[in-house]
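2 protein chains.
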Amino acid sequence: MNNYTDILRAHNLKATPQRVAIAELLYLHGHISIDSLYEMMLKTFQSLSLATIYKNINIMVENSFIQEVKIANIKSVYELTKESHSHLVCNKCQNIEDISLDLHSIMSDASKEYGFRVNSTDLVLTGFCKNCA
Amino acid sequence: MNNYTDILRAHNLKATPQRVAIAELLYLHGHISIDSLYEMMLKTFQSLSLATIYKNINIMVENSFIQEVKIANIKSVYELTKESHSHLVCNKCQNIEDISLDLHSIMSDASKEYGFRVNSTDLVLTGFCKNCA
DNA sequence: CTGACTGCAAACGTTTTGCACGGTA
DNA sequence: TACCGTGCAAAACGTTTGCAGTCAG
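As they're listed, the protein sequences go chains A and B. Every position in the first sequence, counted from 1, becomes a number in our numbering once 1 is added. Every position in the second sequence, counted from 1, becomes a number in our numbering once 1 is added.
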């Protein structure tokens, strides 16, 4: 478990218990929706307000501490910001897995063939994971 | 301009003037948000209801006549269903461009390294387009 | 002619806002 | 202590629903 108190402060965010909990849950589960986050945190913070979740998620996204992951047909989930990676989404177990794929050739194709200067990539592969295939 | 009356019928959709207009606008502009679509169509259909847009977009997505395109930091847009392709999103002019990239090697990497059976890909490249770079 | 579509208004779920209180730094 | 964050309630927003009238096939 990392020291999210300091990491939060490094992102100009006060380290409240609620924020530390969000960071830890995202670290442990990888990708979580707003609803699930609220549900999980209610066990620890009985008087937690959904508004607090939304306010924190928004400011954490603005400060690049976390990122929204948009996936077709599924409601958005959030993840801790980390090095560039792609996502595998299983159609059966609904699990979302991080993967590291080499996209350099694709980025250079986009550059050569379309004159596009790529800053960031967002790749989601949908199908069946190892266990469900 | 294609014959959207017949194409709509082929998708089990009655060819109402509103639906034909949606199809034509998507064909002409490529990618349009719900709001823009409503705004554009109001010029032709003064008494158009937003509810009609939503109902039609939903049924057209269900029937695979059109598809939603989810892009980070931007509200969803819709496009006519066509062969698999990727998207370029320009950070400056906000334009969304369709591109055809060969993703076979990436799909096979995902298969070899993660045992994942890929059914569909969703790739968005963000950066600067030819004109804005 | 019949079922499906439209437009309107109301309902609904999600997200945001304002404010008083409490906690972090 | 000063400011920022929290929780609550209300408001705002986007989307869906029900219904009566209309239109496509």
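Just so you know, even glycine gets a beta-carbon here, dropped at the ideal spot from N, CA and C.
Supposed contact pair residue j and residue i - C-beta distance, whole angstroms, cut 8 Å
i        : j         : result
Leu29(B) : Tyr39(B)  : Incorrect: roughly 16 Å between the Cβ atoms, too far for contact.
Leu49(B) : Met41(B)  : Leu49(B) to Met41(B), Cβ: 10 Å. No contact.
Ser87(B) : Leu124(B) : 4 Å
Nearest residue (CA-CA) to residue i, options the options
i         : options                                      : result
Thr45(A)  : Glu84(A), His32(A), Val21(A) and Asn57(A)    : Val21(A)
Ile97(A)  : Ile72(A), Arg118(A), Asn120(A) and Tyr115(A) : Ile72(A)
Ser106(B) : Leu126(A), Tyr115(A) and Arg10(A)            : Leu126(A)
Lys83(A)  : Asn59(A), Arg10(A) and Gly31(A)              : Gly31(A)
Tyr79(A)  : Ile54(A), Leu49(A) and Cys94(A)              : Ile54(A)
Ser34(A)  : Glu69(A), Asn74(A) and Lys56(A)              : Glu69(A)
Glu114(B) : Ser65(A), Lys76(A) and Leu89(A)              : Leu89(A)
Asn74(B)  : Gln95(B), Ser85(B), Leu9(B) and Thr17(B)     : Gln95(B)
Gln47(B)  : Pro18(B), Ala11(B) and Lys93(B)              : Pro18(B)
Lys93(B)  : Ala16(B), Ala11(B), Ala134(B) and Lys56(B)   : Ala134(B)
Buried or exposed (CB count within 10 angstroms, at least 16 for buried), residue i
i         : result
His91(B)  : The displayed chain sequence assigns Cys, not His, to residue 91(B). Classification for Cys91(B): buried.
Asp7(B)   : exposed
Leu63(B)  : For the sequence presented, residue 63(B) should be read as Glu rather than Leu. By the neighbour-count rule (16 or more Cβ atoms within 10 Å), Glu63(B) is not buried but exposed.
Gly128(A) : buried
Cys130(B) : buried
Asp36(B)  : exposed
Tyr5(B)   : buried
Asn132(B) : exposed
Met2(A)   : Only weak support is given to the placement of Met2(A): the predicted model assigns it a pLDDT of 46, under 50, and the value that follows is read from those uncertain coordinates. Burial call: exposed.
Short Cβ contact (8 Å threshold) for residue i with residue j
i        : j        : result
Glu58(B) : Leu81(B) : Inspection of the sequence shows that residue 58(B) is occupied by Ile rather than by Glu. Cβ atoms of Ile58(B) and Leu81(B): not closer than 8 Å.
Leu9(B)  : Ile60(B) : no
Are the region 110-124 of chain A and the region 88-108 of chain B touching, with three or more C-beta to C-beta distances below 8 Å?
With a cut-off of 8 Å, the region 88-108 of chain B and the region 110-124 of chain A count as touching, because enough Cβ pairs lie within range.
Taking contact to mean at least 3 C-beta pairs separated by less than 8 Å, is the region 10-25 of chain B in contact with the region 119-129 of chain A?
no
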